[in-house]
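Residue numbers (the numbering used here): 1 to 355. Where a beta carbon is used, it is the ideal one built from N, C-alpha and C, also for glycine. Working notes for the structure below.
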C-alpha cells in the first residue's frame with residue numbers, strides 16, 4: 001500500500017511539474033498580476049503585499065494551479081513538496097495550501113483605499129484596482145464615486161482618468177450615473193475654484209471632453225443603456241460642457257463662439273430639458289438636496305454664461321429657450337441651496353448664484 005501511495009504521489013508531482021512547464025510561458029506572457037512600488041506608509045505596503053500574495057497572484061494563476069492551492073485534497077501534497085511556478089520572466093511563486101477564509105476581504109480593500117488617499121500614494125490606485133478586478137472583488141458605484149471625490153480633493157483627477165482609460169483592467173467605467181455625476185461636479189469645481197479662467201478652466205474643459213470621448217469608446221455603454229440613462233446625454237454633463245466652453249469663449253475670445261461649440265451645447269441642453277424636468281421631480285424623492293444641487297449648478301451656470309456669447313441672440317428661438325430654461329434652473333437651485341446643509345456644496349452654489 002505504501003508503495004502504491006508513493007507511486008501515486010510521484011505521478012501527481014510529475015504531472016504537476018509538466019503542467020507548470022507547459023503553462024508558465026503562456027501565462028507569463030499574458031500576466032496581469034499588478035506590482036507595487038514602495039510607498040511612504042509601511043502599513044499600506046504591508047496591506048498591498050498581502051493582497052498581492054494572497055489574492056492577486058492566486059487569482060492570476062491558471063485554473064489547475066489555483067485549484068491545487070484551494071482544494072483540501074491537495075493540501076498535504078503541497079505541504080510535503082511545494083511547487084514553484086514562474087509568474088513572470090523575473091518572478092516565481094510557490095503554490096501553498098490556502099482557504100477562502102484567508103483571502104483579504106472587501107473591508108480590507110476599503111482600508112487600502114483609505115491609506116492610499118491618506119498618504120497621497122495615488123500611484124498605487126491603478127494597480128490596486130486592477131488586482132481587485134482580476135480577482136473578482138468589485139467595488140460599488142458609491143465607492144468609486146468616493147474615490148473620485150478623494151482624488152479630486154488631492155488634485156489627482158488625472159489618476160481617475162487613467163483608471164478609466166484602463167477600464168478593461170480596473171473595472172472603472174463611466175457607465176453609472178453616480179460616478180459620472182461625481183466626476184463632472186469635481187470638474188466643475190476645478191474650474192470654479194479658478195473663477196472659470198486660465199489654465200485650470202482649460203484643463204477642466206479638456207477633462208470634460210475627454211470623459212465624453214471615453215464614454216463613446218465604451219461599447220457596453222453605447223449598447224446597453226437607454227438614451228435617458230446614457231451619461232453623455234445627461235443635462236449635467238451637457239451643462240458642464242456648455243459652462244466651460246462658454247467661459248473659455250468669454251475669457252479667451254471676447255465672447256466669440258470660435259468653433260460654434262457653445263451654441264451646439266446650448267441646443268443639446270435645451271433638447272435634453274424634458275429629462276432635466278423629469279429628474280427634478282424624481283430627485284425630491286430619491287436624492288439629497290446636495291446631490292441634486294451638484295447636478296443643477298453647472299446647468300444653471302452654463303445657461304447663464306451662454307447668454308453672453310455673441311451669436312446666441314441671432315437665433316431668437318434658441319435665445320428664448322435658453323432664457324426660459326435658465327429661469328427654471330435658477331428657481332430650482334435657489335430652493336436647493338436653502339435645503340443643503342452648510343458645506344462646500346452650499347458655498348459653491350451660493351457663489352454661483354451671486355455671480
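| Asked | Found |
| --- | --- |
| If I follow the unbroken beta strand (DSSP E) through residue 83, where does it start and stop? | 83-86 |
| In angstroms, rounded to a whole number, what distance separates the CA positions of residue 27 and residue 102? | Caution applies to residue 27, whose pLDDT of 44 falls short of 50 and renders its modelled position unreliable; the value that the coordinates give is listed next. Distance between the alpha carbons of residue 27 and residue 102 is about 24 Å. |
| Considering only C-alpha positions, which residue in the set 261, 134, 265 and 210 is nearest to residue 357? | For the chain, the structure presents residues 1 to 355; residue 357 sits outside this window and is missing. |
| Should residue 132 be labelled buried (16 or more other beta-carbon atoms within 10 Å of its own) or exposed? | buried |
| Would you say residue 248 and residue 189 are within 8 Å of each other, going by their C-beta atoms? | no |
| If I'm right that residue 238 touches residue 265 with Cβ under 8 Å, what's the distance once you round it to whole angstroms? | 6 Å |
| Relative to the C-alpha of residue 328, which candidate in 297, 290, 311 and 354 has its C-alpha closest? | 297 |
| CA-CA distance, residue 151 and residue 316? | 42 Å |
| Do residue 262 and residue 321 have their beta-carbon atoms positioned less than 8 Å apart in this structure? | no |
| Restricting to Cα atoms, I'd like to know which of 41, 70, 294 and 140 is closest to residue 377. | What the structure shows of the chain is the stretch from 1 to 355, and residue 377 is not part of that stretch, so it cannot be assessed. |
| Quick one: measure Cβ to Cβ for residue 168 and residue 141, integer angstroms, because I've assumed they're closer than 8 Å. | With a Cβ gap of about 18 Å, residue 168 and residue 141 do not count as contacting. |
| What number of angstroms, rounded off, separates the C-alpha of residue 172 from the C-alpha of residue 99? | 29 Å |
| According to the neighbour-count rule (16 or more other Cβ atoms, all chains shown, within 10 Å of its Cβ), is residue 185 buried or exposed? | buried |
| Would you report the Cα separation of residue 214 and residue 206, rounded to the nearest angstrom? | 12 Å |
| Along the alpha helix (DSSP H) that carries residue 137, what are the first and last residues, could you check? | Here residue 137 belongs to no alpha helix (DSSP H), and DSSP marks it neither H nor E. |
| For residue 94 and residue 81, I'd like the C-alpha separation in whole angstroms. | 10 Å |
| For my contact list, residue 305 and residue 259 are in at a C-beta cut-off of 8 Å; report their separation, rounded to the angstrom. | With a Cβ gap of about 16 Å, residue 305 and residue 259 do not count as contacting. |
| My guess is that residue 242 and residue 311 are in contact by the Cβ rule of under 8 Å, so how many angstroms apart are they, rounded? | That belief does not hold up - the Cβ atoms of residue 242 and residue 311 are roughly 14 Å apart, past 8 Å. |
| How far does the alpha helix (DSSP H) with residue 168 in it extend, from its first residue to its last? | 167-170 |
| Drop a sphere of 10 angstroms on the beta-carbon of residue 232, count the other beta-carbons inside from all chains shown, and report buried for 16 or more, exposed for fewer. | buried |
| Across the segment 67-83 and the segment 118-129, are there enough close Cβ pairs to call them in contact, namely three or more that are closer than 8 Å? | no |
| On a Cα-Cα basis, can you pick out the residue from 158, 137 and 253 that is closest to residue 197? | 253 |
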